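Each number in this note's numbering corresponds to the 1-based position in the sequence shown with 1321 added.
Idealized CB from N, CA, C, for every residue including glycine.
On a predicted model such as this, the values are computed, not experimentally measured, just so you know.
Written below as structure tokens is the structure these notes are about.
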Amino acid sequence: MPRDYARVLAAIERATKDGLPVDQYVMEVAANG
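Dropping the structure here:
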């Protein structure tokens, strides 16, 4: 769980930095595991 949470936080940070839609990006990360 903590590792997955860190991965999600990293994805949010990356999406924010790249100007991507965060929720869509996080859903992709969650779906791809």
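Taking C-beta to C-beta, are residue i and residue j nearer than 8 angstroms?
i     : j     : result
Y1346 : A1331 : no
To the nearest angstrom, report how far apart residue i and residue j are at their CA atoms.
i     : j     : result
A1351 : D1325 : 9 angstroms
R1328 : K1338 : 15 angstroms
V1343 : N1353 : 15 angstroms
E1349 : I1333 : 11 angstroms
G1362 : P1323 : The structure shown has nothing for residue 1362, since the chain only spans 1322 to 1354.
Can you name the start and end residues of the alpha helix (DSSP H) that residue i belongs to?
i     : result
P1323 : P1323 to D1339
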